[in-house]
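K.L.:
Residue numbers (the working numbering), protein chains in the order written: chain A, 15 to 268; chain B, 15 to 268. My questions all concern the structure below.
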Ligand SMILES: O=c1ccn([C@@H]2O[C@H](COP(=O)(O)OP(=O)(O)O)[C@@H](O)[C@H]2O)c(=O)[nH]1
Ligand SMILES: O=c1ccn([C@@H]2O[C@H](COP(=O)(O)OP(=O)(O)O)[C@@H](O)[C@H]2O)c(=O)[nH]1
Ligand SMILES: [Mn+2]
Ligand SMILES: [Mn+2]
């Protein structure tokens with residue numbers, strides 16, 4: 015079984031991003047989607063979307079506290095995103111894995127706006143400890159990648175902070191759920207420097223460079239892209255209100 | 015049969031956008047994808063992608079001449095995009111429809127970066143002349159939409175140039191292929207004002223407001239979103255070259 019942990023937050027493009035991501039996931043068998051809203055409530059938009067998605071899912075919510083939350087004017091890299099949400103997903107997964115006899119399972123952290131090839135899921139499905147692969151369109155480069163020498167990861171092709179223990183994006187690895195149970199306290203945290211989320215989790219799981227299993231044909235194929243959806247500028251809503259006395263119908267779910 | 019006409023152009027995010035769009039289309043039956051590259055050649059990226067896509071397709075190419083082509087520094091609305099490509103798609107479709115006995119068919123202009131709900135295709139499948147529906151995240155509004163009064167389109171909910179005969183986005187309508195054959199010269203053109211592509215085609219097809227068939231529950235549901243994928247900034251490729259003597263491996267297809 016593949017468990018996907020996806021933090022998601024309200025924004026104009028949220029439903030569009032979730033819809034197209036769900037269409038990718040519908041092509042993958044034995045997958046369970048853990049979706050955690052960055053919100054005080056489970057919103058109707060996400061709840062209704064999930065109900066009709068045709069996917070197996072678990073829906074949770076936890077709000078990022080205001081002191082670490084990105085504001086509309088912050089550059090998006092200023093603060094960590096999705097930390098509490100991914101941890102909530104890990105917690106649910108550990109509890110669930112302990113309750114039932116654990117079948118072989120893998121966990122992957124799938125942001126809601128990335129683009130995933132179907133083939134990526136087949137690569138990660140057979141992960142003994144931690145699988146790794148390149149990620150396209152990230153780090154100010156065409157791609158970032160583990161450097162693989164004779165089947166072993168020896169370092170990181172990345173410009174930004176290559177000295178990090180695991181200098182890769184969240185989209186670049188999957189973990190066998192067994193490791194989560196063997197290291198029950200390993201998780202993400204808002205209390206580390208920028209770029210150290212992945213290293214915090216993997217170090218907490220006792221992973222060493224030599225444990226990493228290079229996938230995607232020895233890290234030579236791009237099967238996931240760190241795409242981002244452009245923020246819509248509602249520059250005419252106000253003008254419309256002035257002209258017509260009303261803007262778009264807020265009962266229309268976008 | 016639904017024929018989709020999709021212009022596509024080379025860019026860093028092209029393959030990612032095509033991959034996720036193809037996963038949507040794989041959920042739709044009786045669909046034929048006419049994909050026209052804005053290029054002098056059929057590129058290996060698109061050719062290989064299509065070959066393994068599992069979709070029925072026709073692959074063509076025609077380059078936008080430099081005098082009307084957007085440059086990297088132009089704002090994206092400055093010049094029309096995809097005009098020659100959509101016309102090439104129309105031409106192929108007319109020729110093909112004339113060659114074989116025409117089965118009922120509909121044509122839709124599907125840009126490669128939008129987000130489509132599966133349900134949209136079921137709405138357009140039964141189009142007598144021209145179907146219409148709202149489009150999300152467009153025109154500086156949450157959505158633009160035909161205004162429907164007692165089942166008939168009476169005007170356009172749009173801020174920008176509402177006086178256009180058909181004041182809607184390319185993603186907002188589908189046409190019965192019969193109309194293309196009855197009006198063999200109707201097509202798009204680079205020689206009209208901004209925003210008049212849709213009106214040019216539909217006027218050329220002899221369509222009147224009263225011909226429009228409102229879909230998506232009387233134009234009350236958003237089933238397509240005018241999403242745009244953020245342009246990736248390769249700000250570290252040059253720095254990487256200075257540091258390592260080389261940047262990313264250009265043999266890695268992204
Ligand atoms: O305040 C926020 C911002 C983002 N996210 C989620 O965290 C993940 C990463 O965020 P984003 O895609 O914006 O980050 P980037 O593309 O910059 O890596 C995505 O699934 C978002 O929906 C969140 O839960 N709360
Ligand atoms: O020089 C170009 C720019 C765009 N396009 C295609 O034309 C369509 C509309 O372009 P875009 O999505 O950039 O327009 P917008 O999102 O601004 O409507 C898309 O399918 C693009 O791939 C093209 O063929 N040549
Ligand atoms: Mn993202
Ligand atoms: Mn577009």
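Cβ coordinates follow ideal geometry from the N, Cα and C atoms, glycine included.
1. Answer with buried or exposed for residue 31 of chain B, where buried requires no fewer than 16 other C-beta atoms within 10 angstroms of its C-beta.
2. Here's the rule: buried if 16 or more other CB atoms are within 10 angstroms of the residue's CB, otherwise exposed. What is residue 9 of chain B?
3. What residues match up with residue 205 of chain B in a beta bridge as DSSP calls it?
4. Could you pull out every unbroken beta strand (DSSP E) segment of at least 3 residues lying fully inside the region 143–170 of chain A, listed in chain order?
5. Quick check: what's the CA-CA separation for residue 28 of chain B versus residue 246 of chain B?
6. Just how far apart, CA to CA, sit residue 96 of chain B and residue 63 of chain B?
7. Assuming contact is defined by CB atoms lying nearer than 8 angstroms, are residue 187 of chain B and residue 146 of chain B in contact in what I supplied?
8. When burial is assigned at 16 or more other CB atoms within 10 Å of the CB, is residue 126 of chain A buried or exposed?
9. Closer than 7 angstroms from C-beta to any heavy atom of ligand 3: which residues, in chain order?
10. Tell me which residue opens and which closes the beta strand (DSSP E) that residue 71 of chain B is part of.
11. Quick one: Cα of residue 23 of chain A to Cα of residue 238 of chain A, how far?
12. On the DSSP letters alone, give me the boundaries of the beta strand (DSSP E) that residue 210 of chain B sits inside.
13. Which ranges would you report for the alpha helix (DSSP H) in the region 104–141 of chain A if only whole runs of at least 4 residues count?
14. What are the boundary residues of the beta strand (DSSP E) that includes residue 20 of chain B?
15. Flag residue 157 of chain A as yes if its beta-carbon sits less than 8 angstroms from any beta-carbon of chain B, otherwise no.
16. Please check if any C-beta of chain B sits within less than 8 angstroms of the C-beta of residue 55 of chain A.
17. List, in chain order, every chain B residue whose beta-carbon is nearer than 8 angstroms to that of residue 41 of chain A.
18. Where does the unbroken alpha helix (DSSP H) through residue 231 of chain A begin, and where does it stop?
19. Give a single yes or no on whether residue 99 of chain A has its beta carbon closer than 7 angstroms to a heavy atom of ligand 5.
20. Check distances from the C-beta atoms of the region 236–260 of chain A to those of chain B and list, in chain order, the residues that come in under 8 angstroms.
21. Pairing CB atoms from the region 166–185 of chain B with CB atoms from the region 209–221 of chain B, are three or more of them under 8 angstroms?
22. Are the region 96–108 of chain A and the region 43–60 of chain A touching, with three or more C-beta to C-beta distances below 8 angstroms?
23. Should residue 34 of chain B be flagged as near chain A, meaning a C-beta pair shorter than 8 angstroms?
P.N.:
Reading from the atomic positions:
1. buried
2. Because chain B is modelled from 15 through 268, residue 9 of chain B falls outside the range shown and cannot be assessed.
3. Per DSSP, none; premise fails for residue 205 of chain B.
4. 144–146, 149–152 and 155–163
5. 11 angstroms
6. 20 angstroms
7. yes
8. Its Cβ being crowded by 16 or more others within 10 Å, residue 126 of chain A is buried.
9. A:125, A:127, A:128, A:240 and A:242
10. 71–75
11. Approximately 21 angstroms, taken between the alpha carbons.
12. It is not in any beta strand (DSSP E) - residue 210 of chain B carries neither H nor E in the DSSP assignment.
13. 132–139
14. Boundaries of the beta strand (DSSP E) around residue 20 of chain B: 16–22.
15. yes
16. It does not: the Cβ of residue 55 of chain A has no partner Cβ on chain B nearer than 8 angstroms.
17. 37 and 40
18. 230–233
19. With respect to ligand 5, the structure offers nothing, as its ligand set consists of ligand 1, ligand 2, ligand 3 and ligand 4.
20. Result list: 236, 239, 241, 242, 243, 244, 246, 247, 248, 249, 250, 251, 253, 254 and 257.
21. yes
22. yes
23. yes
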